[in-house]
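The block underneath contains the structure these notes are about, expressed in structure tokens.
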Amino acid sequence: MSAIHSVLTRPLLAACIAAALALAAPAALAQAKIEQQMSAEQFKAAGLDQLSPEQLANLNAWLNRTLDSETSKAVVKAKEETREQVKHENRGFLGSGSKEPVEARMTGPFTGFGRGQTYVLDNGQEWRQDDNANLPGVKLDSPQVRITPSLIGNAWYMAVQGYNTRAKVTRTK
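Numbered according to mature numbering (1 follows the signal peptide of the UniProt record, and there is no 0), the sequence shown spans residues -30 to -1, 1 to 143.
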């Protein structure tokens, strides 16, 4: 399995497991009647002992429908949030689906662009330069950078704040 495939699928696997657990716990509770979930004292204190068997059955049915509905909504929301988070964290990797720019600081000194150089950012990402763009004579300490996707294709370009030169880069980590 490639490193990129592993990075993209690991969070999705975690999201699927979380969704399965979120569905399993409420479903187990939905099967138990309210009188089985409460102690006799709680049941009486809530006044539920005054309900007829038919009223109690209607209450249990309503609670189960509400629980099922709310659980479904929560699972859909959790899946969408996880999908967006994975998309955001994997920006720059082939197949990430994100076209959102990356804005961060380089860690350490920057002495100009150079083919094959790896740039480490303060957000943990690493990018390697793939073209011959250069920026001679520049000496900056932890400059702000912006990495933007190309309009067409899967190329990404890094620009250092204060300079117009952009280098084509590929995310490696």
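The beta-carbon is built from N, C-alpha and C at its ideal position, and this holds for glycine as well.
Being a predicted model, the structure only gives us computed values, none of them experimental.
The bridge partners DSSP lists for E96 are V90. I117: not part of any alpha helix (DSSP H); member of the beta strand (DSSP E) spanning 114 to 119, first to last residue. Note on L121: under 16 other CB atoms within 10 angstroms of its CB, so exposed under the neighbour-count rule. In the DSSP secondary-structure assignment, Y127 is bridged to T118, K138. In the structure shown, the three-state DSSP call for V46 is helix. Here the alpha carbons of K109 and F80 stand approximately 6 Å from one another.
For A15, the enclosing alpha helix (DSSP H) begins and ends at 10 to 15. The beta carbon of R75 is closer than 8 Å to those of L91, D92, S112, P113, Q114, V115 in its chain, skipping five residues each way along the sequence. Cβ-Cβ separation between F13 and E24: approximately 17 Å, too far for a contact (criterion under 8 Å).
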